[in-house]
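Okay, so the sequence shown: first residue is 377 according to this note's numbering, each after it adds one. Just so you know, even glycine gets a beta-carbon here, dropped at the ideal spot from N, CA and C. Read through the structure below, which is laid out as C-alpha cells, and then see the notes.
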Amino acid sequence: MKTTTKKRILQFVLLVGTVISLYFVPWRLVKAWILPLPQTVQQQLNDAVEQGFDGVVVYIDQAGIPPQSFASGWHDRDSKTPAKTNALFKIASINKLYDAVAITKLVSDGRLSLDNTLADYFPELVGRIEHAKQITLRMMIQHRSGIPNFTDTDNFWAKPTDSSAEDYTDNLSLILDKPASFAPGKDYEYSNTNYLLLNQIMDKVLGYQNFQFIQQRILAPLALKNTFSSIKDVDLNDVMSGYHVGHPYDLKTEDRGMVATAEDVGIFIRALNDGSVFEGNEREIYSGLYEYEHTGWVPGYQSFATYHQEQDTVVIQFYSTTDSELLNWNLSQIINSRIVKIFNKQYGAN
Numbered sequence: 377m378k379t380t381t382k383k384r385i386l387q388f389v390l391l392v393g394t395v396i397s398l399y400f401v402p403w404r405l406v407k408a409w410i411l412p413l414p415q416t417v418q419q420q421l422n423d424a425v426e427q428g429f430d431g432v433v434v435y436i437d438q439a440g441i442p443p444q445s446f447a448s449g450w451h452d453r454d455s456k457t458p459a460k461t462n463a464l465f466k467i468a469s470i471n472k473l474y475d476a477v478a479i480t481k482l483v484s485d486g487r488l489s490l491d492n493t494l495a496d497y498f499p500e501l502v503g504r505i506e507h508a509k510q511i512t513l514r515m516m517i518q519h520r521s522g523i524p525n526f527t528d529t530d531n532f533w534a535k536p537t538d539s540s541a542e543d544y545t546d547n548l549s550l551i552l553d554k555p556a557s558f559a560p561g562k563d564y565e566y567s568n569t570n571y572l573l574l575n576q577i578m579d580k581v582l583g584y585q586n587f588q589f590i591q592q593r594i595l596a597p598l599a600l601k602n603t604f605s606s607i608k609d610v611d612l613n614d615v616m617s618g619y620h621v622g623h624p625y626d627l628k629t630e631d632r633g634m635v636a637t638a639e640d641v642g643i644f645i646r647a648l649n650d651g652s653v654f655e656g657n658e659r660e661i662y663s664g665l666y667e668y669e670h671t672g673w674v675p676g677y678q679s680f681a682t683y684h685q686e687q688d689t690v691v692i693q694f695y696s697t698t699d700s701e702l703l704n705w706n707l708s709q710i711i712n713s714r715i716v717k718i719f720n721k722q723y724g725a726n
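Right under this line is the structure:
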C-alpha cells in the first residue's frame with residue numbers, strides 16, 4: 377500500500393474518531409470550552425450563571441495581592457436574593473482536609489497512632505468489616521483501606537442525612553458484612569466510609585465531638601469565625617440555597633456536614649499549604665499523609681478548594697447547582713480553569 381494512501385486512511389480514521397467524539401460530548405461543555413475568554417473574573421461568573429448555574433461564589437488569594445471575592449446569580453432563587461460573597465456554603469468533602477489535620481494534631485499529641493488498626497478502636501467491627509484487624513488509620517485517611525463507600529449504595533442521595541449518632545449507625549450499616557473492595561493497602565478507592573469511621577474514632581479518643589477540637593486547634597488560631605459543623609449551628613438565611621436539576625425544592629435545609637464561607641476555606645487552604653496551620657512536628661507528620669486541596673459534592677452544592685503553587689495562589693469556587701449526570705461538575709471544572717487563566721492574565725502571573 378502506498379504511503380499517501382496510508383496517510384489518507386489514517387486521516388479519515390482520525391476524522392471519523394473526532395466526529396464520533398464530538399457527537400457524544402455534550403455541546404453545553406463544548407460551548408463553554410470554546411467561548412472567548414472574558415476580560416474579568418466577574419464576567420466569567422456571569423457567564424456561568426447564563427450557562428445554568430443558579431449561583432457562583434469565588435475567592436482568590438494570590439501572594440502579594442489583596443484577596444478578592446466574586447459572586448453572581450442567586451443566594452436564594454425563590455426570594456430573588458442576589459448571591460453574596462460572604463454566604464455560608466456546604467463544603468462537603470473539603471471537610472476531609474480539616475479531619476486529616478485534626479488527626480495529625482492528635483497523633484502529635486500522642487492520642488492517636490496512624491499505625492493502629494480499626495479493630496484497635498472498634499473491636500466490635502471485626503467480622504463486620506473485612507480486614508478490620510489489618511486496616512490502619514493511615515490507610516483510612518489515604519483511602520487505601522478497601523472499605524466500601526456507603527454513599528455508593530443505591531439511592532443514597534435520595535434521603536436527607538445529618539451528623540447524628542443515629543445517622544452514623546444507619547450509614548455504617550449500609551456496608552457492614554460486605555466484601556472489601558481490595559486488600560488493605562493494595563489499591564486506592566475513594567470511600568466516605570473511611571472518614572465516617574475516622575470521625576467516630578476521634579470522638580471516642582477525645583470524649584467529645586471532634587469539631588470542638590477542630591475549633592480549638594485549627595479554626596481559633598486562624599481566626600476563622602465563619603466555619604461551622606452543621607447548618608444547625610447557623611442562621612439558615614446566611615446559607616446559600618442549593619438546587620439539583622430535576623428536583624423542585626431548595627436543598628438548603630438538608631444537613632450535609634460542614635458549612636463555611638469561601639474566604640474562611642481560602643484562609644485554611646493557605647495555612648495548610650504554607651504550614652502555618654501546624655505546630656511542632658505536625659507538618660512533618662502530615663507530609664505525604666493526605667492532600668493539600670480538595671473538592672466536594674452533595675446535592676445542590678459543589679465546591680473546589682485548590683492551591684496553585686507556581687503562582688502561590690489559593691482559589692475557592694462554589695457552585696449551587698448539581699445534576700445526576702455530573703454535567704454541571706464537568707462544566708464547573710472548565711469554568712474553574714478559565715477563572716484561573718483570566719486572573720493570571722489580569723495580574724501578570726505566568
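When DSSP labels each residue in this structure, what does residue 566 get in the three-state scheme?
-> coil
Consult DSSP for residue 723 and reduce its assignment to one of helix, strand or coil.
-> helix
Apart from the five residues just before and just after residue 668, which ones in its own chain have a Cβ nearer than 7 Å to its Cβ?
-> 648, 649 and 683
Does the distance from the CB of residue 469 to the CB of residue 672 come in under 8 Å?
-> yes
From the DSSP output, which residues share a beta bridge with residue 450?
-> 458
With residue 494 and residue 508 assumed to form a contact (beta carbons below 8 Å), what rounded beta-carbon distance in angstroms separates them?
-> 5 Å
Using the DSSP secondary-structure output, state which residues sit across from residue 464 in a beta bridge.
-> 615
If you drop the 5 nearest sequence neighbours on each side, which residues of the same chain put their C-beta closer than 8 Å to that of residue 563?
-> 520, 522 and 557
So, helix, strand or coil for residue 638, using DSSP?
-> helix
In terms of residue numbering, what span does the beta strand (DSSP E) encompassing residue 436 cover?
-> 431-438
Rounded separation between residue 435 and residue 639 - CA only | 6 Å
Residue 383 burial status per 10 Å Cβ neighbour count (16 or more: buried) = Its pLDDT being 47, under 50, residue 383 is placed unreliably by the model, and the measurement read from it follows with that caveat. Result: exposed.
Collapsed DSSP secondary structure at residue 445 in the structure displayed = strand
Classify residue 527 as helix, strand or coil using the three-state DSSP reduction.
-> helix
How many angstroms separate the CA atom of residue 590 from the CA atom of residue 410?
-> 43 Å
In chain order, what residues of the same chain lie with their CB nearer than 7 Å to the CB of residue 402, ignoring the 5 residues before and after it?
-> 703
Hey, how far is the Cα of residue 691 from the Cα of residue 503?
-> 43 Å
Please state whether DSSP places residue 643 in a helix, a strand or coil.
-> helix
Residues in its own chain within less than 8 Å of residue 326 by CB, not counting five upstream and five downstream?
-> One cannot answer for residue 326 here, as it falls past the ends of the chain, which runs 377 to 726.
Any 3 or more C-beta pairs closer than 8 Å across the stretch 626-635 and the stretch 414-433 = no
Is the stretch 524-536 in contact with the stretch 544-556, if contact means three or more CB pairs nearer than 8 Å?
-> yes
Among 459, 677, 426 and 716, nearest to residue 533 - alpha-carbon criterion = 677
Using DSSP with H/G/I as helix, E/B as strand and the rest coil, what is residue 497?
-> helix
Hey, out of 407, 466 and 423, whose CA is closest to residue 446's CA?
-> 423
State yes or no: is the C-beta of residue 448 within less than 8 Å of the C-beta of residue 483?
-> no
Expressed to the nearest angstrom, what Euclidean distance is found between the alpha-carbon atoms of residue 460 and residue 657?
-> 38 Å
What is the residue span of the alpha helix (DSSP H) that residue 403 lies within?
-> 403-410
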